[in-house]
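This report concerns only the one structure given below.
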Amino acid sequence: MSDKLNKHGLSRNIPEQVKREVRQQCGFGCVICGTAIAQYEHYEPDFAEATEHLAKGITLLCGACHDKVTRGFWSKQKVSEASKSPICIKRGHAIDAFDISFQHPLIRIGPATWINTSTILDVMGQTVLRIDPPEADGCPYRVSGVFSDDQTGNALVIDANEWKASASLWDVEVEGKTVTIRRKPRDIILRLVADPGKGITISKINLSYNGARLYGSDQTFSAEAPDGSKITLAAYTAEGCKTAISINQTSVIVGCCCNWGCTFPYEQAVREAESLGLSLIPSAPRRFLGI
Ligand SMILES: [Zn+2]
Numbered sequence: 510m511s512d513k514l515n516k517h518g519l520s521r522n523i524p525e526q527v528k529r530e531v532r533q534q535c536g537f538g539c540v541i542c543g544t545a546i547a548q549y550e551h552y553e554p555d556f557a558e559a560t561e562h563l564a565k566g567i568t569l570l571c572g573a574c575h576d577k578v579t580r581g582f583w584s585k586q587k588v589s590e591a592s593k594s595p596i597c598i599k600r601g602h603a604i605d606a607f608d609i610s611f612q613h614p615l616i617r618i619g620p621a622t623w624i625n626t627s628t629i630l631d632v633m634g635q636t637v638l639r640i641d642p643p644e645a646d647g648c649p650y651r652v653s654g655v656f657s658d659d660q661t662g663n664a665l666v667i668d669a670n671e672w673k674a675s676a677s678l679w680d681v682e683v684e685g686k687t688v689t690i691r692r693k694p695r696d697i698i699l700r701l702v703a704d705p706g707k708g709i710t711i712s713k714i715n716l717s718y719n720g721a722r723l724y725g726s727d728q729t730f731s732a733e734a735p736d737g738s739k740i741t742l743a744a745y746t747a748e749g750c751k752t753a754i755s756i757n758q759t760s761v762i763v764g765c766c767c768n769w770g771c772t773f774p775y776e777q778a779v780r781e782a783e784s785l786g787l788s789l790i791p792s793a794p795r796r797f798l799g800i
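Structural data, given as structure tokens:
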């Protein structure tokens, strides 16, 4: 964003705390259509007349809605009315879509990568993330799932590449290709990075669901069952698994029922894990290795 000043000497840079207040009051999306990828817009007063950045005078508009207002096709009154009753608050979520390709998408969770794998995360009987084949020729693969947390409920729901973030969350921030969901200040529960046409990366996760936990970042990723069984992954690549990670009451299974065998460099991963002071304890090693 340009830091050009207006006639009152106000910079275009809106303080982070004010931006978050705006996101919260708008339900994390465009106040008119509900699109999650949106811009901050001064509307009461316009930026040219503003003397300070106040959340109550700033709203969220997506590129398309903003353009219609700028062209004068839609009135500023429409923006003002929508800002008083944002559509995301009314319907309970902001919405947007991933660009998934005609090739089987590649999913990364922290340092682990899954190729040609249909179910990515299965936790306590709920499919957290899965990939379905295209509905028809010329259509993309379909990523679907539900990221739930015992405290926040359904934080992010993905239905055939379309994602919905709950308007009741504390914060949902979309910056560039990254969606970050926070449970409270400095408490990120999910950070997804879109890799358009290729796949999705979960670069941060910290979710508890029915006694199971998923947590990690770019360096490590851990999956923990309610009884304490745990797998921590450092470097990992697997291909052709039926299910990448499955957690039930008493076990965590990684890379089960491989069709073509995993390419997981097990000894290398153990060395890397040890060098980081981490454990890498597959609960079902033979399945884990796809042997
Ligand atoms: Zn819009």
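Letter 43 of the sequence shown, counting from 1, is numbered 552 in our numbering, and no numbers are missing. All C-beta atoms, glycine included, are put in the ideal place defined by N, C-alpha and C. Note that the coordinates shown come from a computational prediction; the quantities given were computed from them, not determined experimentally.
- Taking 3 residues as the minimum length, the beta strand (DSSP E) runs contained wholly in the segment 511-596 are 548-551, 567-570, in order along the chain.
- In this structure, the straight-line span from the alpha carbon of His562 to that of Arg691 is close to 23 Å.
- In this model, Ile714 and Arg695 are separated by some 13 Å (Cα to Cα).
- Screening all residues for a C-beta within a distance smaller than 5 Å of any heavy atom in ligand 1 leaves Cys539, Ile541, Cys542, Thr544, Cys571, Cys574, in chain order.
- Only buried fits Ser657, as 16 or more other CB atoms lie within 10 angstroms of its CB.
- In the structure shown, Arg600 adopts helical secondary structure according to DSSP, grouped into three states.
- Note on Leu514: under 16 other CB atoms within 10 angstroms of its CB, so exposed under the neighbour-count rule.
- Within the DSSP bridge table, the entry for Gly708 names Leu615, Asp704 as partners.
- Ser717 sits in a strand when the DSSP states are folded into three classes.
- As a beta-bridge residue in DSSP terms, Asp631 pairs with Thr636, Ser755.
- Measuring C-alpha to C-alpha distances from Cys539 to each of Ile567, Ile523, Thr710, Cys648 identifies Ile567 as the nearest.
- Leu701 and Ala621 do not touch by the CB rule: their CB atoms are close to 15 Å apart, not below 8 Å.
- Around the beta carbon of Ser675, 16 or more other beta carbons sit within 10 angstroms, so the residue counts as buried.
- Using a 10 angstroms sphere on the CB of Phe730, the tally of other CB atoms reaches 16 or more, which defines it as buried.
- In this chain, the beta strand (DSSP E) harbouring Asp680 covers 680-684.
- Across the set Ala744, Thr746, Glu682, Ala732, the C-alpha of Glu682 shows the shortest separation from the C-alpha of Gln526.
- Approximately 29 Å separates the beta-carbon atoms of Asp727 and Thr759; this is outside 8 Å, ruling out the contact.
- Residue Trp623 holds the alpha-carbon nearest to the alpha-carbon of Thr710 among Trp623, Pro524, Trp583, Ala564.
- Linking Thr628 to Thr544 through their CA atoms gives a straight-line distance of about 28 Å.
- Membership of Arg691 in the beta strand (DSSP E) is indicated by the continuous run 687-693.
- Here Cys648 is exposed: its Cβ has fewer than 16 other Cβ atoms, across all protein chains shown, within 10 Å.
- Here Glu748 is buried: its Cβ has 16 or more other Cβ atoms, across all protein chains shown, within 10 Å.
- Taking C-beta separations shorter than 7 Å and ignoring five residues to either side along the sequence, the partners of Ser717 in its chain run Asp658, Asp659, following chain order.
- Burial of Arg532 is indicated by the presence of at least 16 other C-beta atoms within 10 angstroms of its C-beta.
- The beta carbons of Leu519 and Ala564 sit about 15 Å from each other, so the pair does not count as a contact at 8 Å.
- Beta-bridge partners assigned by DSSP to Glu748: Ile624.
- For Ser675, the secondary structure class from DSSP, reduced to helix, strand or coil, is strand.
- Fewer than three Cβ pairs drawn from the segment 584-602 and the segment 632-639 lie within less than 8 Å of each other, which leaves the two stretches out of contact.
- Using a 10 angstroms sphere on the CB of Phe582, the tally of other CB atoms stays under 16, which defines it as exposed.
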